[in-house]
Each structure stands twice: as structure tokens, then as C-alpha cells.
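Below: the structure, in C-alpha cells.
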Amino acid sequence: VHVYNGSLFIIDGREPCCVLQWPLGAPAGRVIVGEGSTLNGVNDFSDILDIAIDAAGDLYVLDGQNSRIVKIHDGVGEVVGEGRLTPDGTRALYVGFDETIYFIDEGGSRVMRFISGETVAVAGGQEAGPG
Numbered sequence: 009v010h011v012y013n014g015s016l017f018i019i020d021g022r023e024p025c026c027v028l029q030w031p032l033g034a035p036a037g038r039v040i041v042g043e044g045s046t047l048n049g050v051n052d053f054s055d056i057l058d059i060a061i062d063a064a065g066d067l068y069v070l071d072g073q074n075s076r077i078v079k080i081h082d083g084v085g086e087v088v089g090e091g092r093l094t095p096d097g098t099r100a101l102y103v104g105f106d107e108t109i110y111f112i113d114e115g116g117s118r119v120m121r122f123i124s125g126e127t128v129a130v131a132g133g134q135e136a137g138p139g
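Taking the working numbering, the leading residue of the sequence shown gets 9, the next gets one more, and so forth.
Here it is as C-alpha cells:
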């Protein structure tokens with residue numbers, strides 16, 4: 009669950025997988041990502057593991073089954089780092105104020121940073137952990 013600008017953003021992991029935006033105090037929320045949303049572009053998610061929201065309010069979705077991160081900006085979903093970023097086995101996601109993406113690698117032993125098309129380890133060992 010993330011809170012941003014007066015709303016909760018909630019992952020609903022049931023099939024079909026989606027993200028709900030639920031204004032604080034409202035009796036109901038609405039689907040903003042996944043089946044049932046009005047999202048354009050990439051909108052087919054199988055296993056949403058985590059979400060993050062940057063300073064501008066853009067939503068990032070960690071799609072585990074498809075090994076990708078999708079950025080939702082102005083109602084359009086776009087794969088981040090197409091061909092350069094493959095977050096296989098990643099379980100946690102954070103986006104900094106400068107849109108730098110941080111994630112934990114498959115083995116859980118390193119924090120990785122993706123910025124300007126490059127992924128580097130910023131904490132932990134240089135090799136992925138055993139799991």
C-alpha cells in the first residue's frame with residue numbers, strides 16, 4: 009500500500025491482477041492499472057509484486073511474471089528500460105525523487121540502481137545471492 013496525494017494505492021493480487029486507487033475516506037476505489045482500467049499502452053499484468061510512486065505522481069509497477077517495470081504516466085503504461093532492465097526475481101521497488109529506480113536483486117543480497125540506462129549494485133555484494 010502506498011499513500012500519495014490523498015489516495016491509497018493498493019495492489020490486488022487476485023486474477024486478474026490490478027492496482028486500485030482509493031481516495032482516503034471514500035467508500036470505494038477504482039482500478040487504475042490492469043484489467044478494468046482505462047490505461048493505454050502496456051496494461052497486461054500477471055503478477056504485480058510491488059508499486060512505487062515518484063515525486064511527480066507517476067506510478068511504477070513491478071510485474072514479476074513478465075520481469076519488467078512499467079511506468080504509468082498520464083494514463084499511459086510504458087516499459088522502463090526496454091531491453092536494458094530485466095528485474096528477474098525482484099521483490100521490492102523504490103523510485104527516488106530524481107526517478108532513479110532501486111530494486112532488490114533475485115537473491116535478495118544486493119540493492120540495484122537503474123538510471124540513465126545502466127544497472128549497478130549500490131549495496132551488498134557484486135554477485136547475486138543464493139536466494
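Heads up, the beta-carbon is just placed ideally off N, CA and C, and yes, glycines get one too. It should be emphasised that the depicted structure is a prediction, and the values quoted were computed from it without experimental measurement.
Residues near residue i in its chain [Cβ-Cβ closer than 6 Å; skip 5 each side]
i	result
G72	D55, L57
V103	A60, D62, Y68, I109
Coil, strand or helix - residue i by DSSP
i	result
G49	strand
C26	strand
G133	coil
A60	strand
From the options, residue whose alpha carbon lies closest to that of residue i
i	options	result
I77	A63, E43, I112, G44	I112
Sequence-distant residues of its chain with Cβ nearer than 7 Å to residue i (five each side left out)
i	result
V50	V78, G85, E86, V87
L32	G14, S15, L16
Nearest-angstrom Cβ-Cβ length linking residue i and residue j, presumed shorter than 8 Å
i	j	result
D52	S75	Going by Cβ atoms, the distance from D52 to S75 rounds to 13 Å, so no, they are not a contact pair.
L28	G37	4 Å
I80	V41	6 Å
Delimiting residues of the beta strand (DSSP E) encompassing residue i
i	result
F17	15–20
T98	Segment: none, T98 is in no beta strand (DSSP E) and carries neither H nor E.
F122	118–123
F111	109–112
D71	67–71
R76	76–81
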